[in-house]
Amino acid sequence: MTTGIRLIALDLDGTLVGHGESEVSERLKRAVKKAQANGIEVVIATGRHFSTSRSIGETLGVDYMVTLNGGEVRNIDGSLIHRQAIDIETVEEIVKIYDTVDSHYWLVSNQAVYQRALPGDYQSHEWIKFGFDITDDRKRMELTDFFTAFETLEVTNSSETNIELNRKGTHKQAAIQYLLDERGIDVSMVMAMGDSMNDYSMIQSAGFGVAMGNAQEAVKAMADYITDSYDQDGAAKAIEKILKD
1 MTTGIRLIAL DLDGTLVGHG ESEVSERLKR AVKKAQANGI EVVIATGRHF STSRSIGETL
61 GVDYMVTLNG GEVRNIDGSL IHRQAIDIET VEEIVKIYDT VDSHYWLVSN QAVYQRALPG
121 DYQSHEWIKF GFDITDDRKR MELTDFFTAF ETLEVTNSSE TNIELNRKGT HKQAAIQYLL
181 DERGIDVSMV MAMGDSMNDY SMIQSAGFGV AMGNAQEAVK AMADYITDSY DQDGAAKAIE
241 KILKD
């Protein structure tokens with residue numbers, strides 16, 4: 001087994017499953033179970049909301065879920081451990097953009113996930129994540145640059161056509177670090193695996209950072225290891241590798 005790995009952090013979409021899918025492979029189930037039997041804790045770290053990712057966590061027998069790009073950490077039973085919300089002044093600025101951008105957008109609060117809709121009482125919500133899907137490269141880059149200028153926002157993506165916004169300093173690695181600190185585990189003892197820029201922070205910081213074969217090029221460039229794509233059981237193969245090495 002790769003020396004010292006005590007926690008494995010796994011992205012979902014494009015890493016364990018295709019985007020929006022929920023069925024993991026039997027090989028992955030076996031690999032995760034073997035890692036857990038070797039005393040390694042496995043954590044899901046996803047951009048998804050808890051409601052759309054919980055079933056995968058339950059299937060894999062994990063205890064903790066990092067969701068919304070690190071905006072929330074929950075026990076698998078759904079109880080909230082940690083949340084990072086965007087300040088209302090920044091929320092007001094994001095809301096203004098919705099009237100000017102002709103694209104699909106979504107937003108997540110402590111109350112619900114909304115698709116192309118803003119609740120009338122939005123100021124009473126705690127807003128955790130905002131997203132846009134823009135296929136026009138120029139428009140997407142312009143909006144990315146606009147939001148990057150905000151000192152209060154963390155800007156990333158989970159695919160090459162979207163933009164995702166969280167509170168500044170909120171990302172998967174920060175949430176994982178919250179769990180590590182509680183356990184007294186050093187980040188060098190972490191294996192992190194993903195495919196997109198919202199996985200960058202945890203892959204870069206981990207003792208063993210793994211990019212999927214289908215990962216964005218920037219993620220591949222800084223990973224310690226590149227495994228096969230998600231649809232070729234790349235995640236299972238990477239876990240098997242650390243258990244064997």
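Just so we're aligned, residue 1 is where the sequence shown starts under UniProt numbering, counting upward by one. In this text, a Cβ means the ideal position worked out from N, Cα and C, and glycines have one as well.
The shortest CA-to-CA distance from residue 133 to any of 145, 215, 162, 75 is the one to 162. Residue 156 carries a strand assignment under DSSP once its states are collapsed to helix, strand and coil. The Cβ atoms of residue 203 and residue 193 lie closer than 9 Å to each other. Here DSSP, grouped into helix, strand and coil, assigns residue 124 to helix. Three or more Cβ pairs closer than 8 Å define a contact, and the region 234–244 meets that threshold against the region 205–224. Here residue 39 is exposed. Its C-beta has fewer than 16 other C-beta atoms within 10 Å.
As computed with DSSP, residue 67 is found in a beta bridge with 72. DSSP places residue 32 in the uninterrupted alpha helix (DSSP H) bounded by 26–37. Distance check between residue 21 and each of 46, 100, 108, 220 places 46 closest, using alpha-carbon atoms only. The three-state secondary structure of residue 21, taken from DSSP, is coil.
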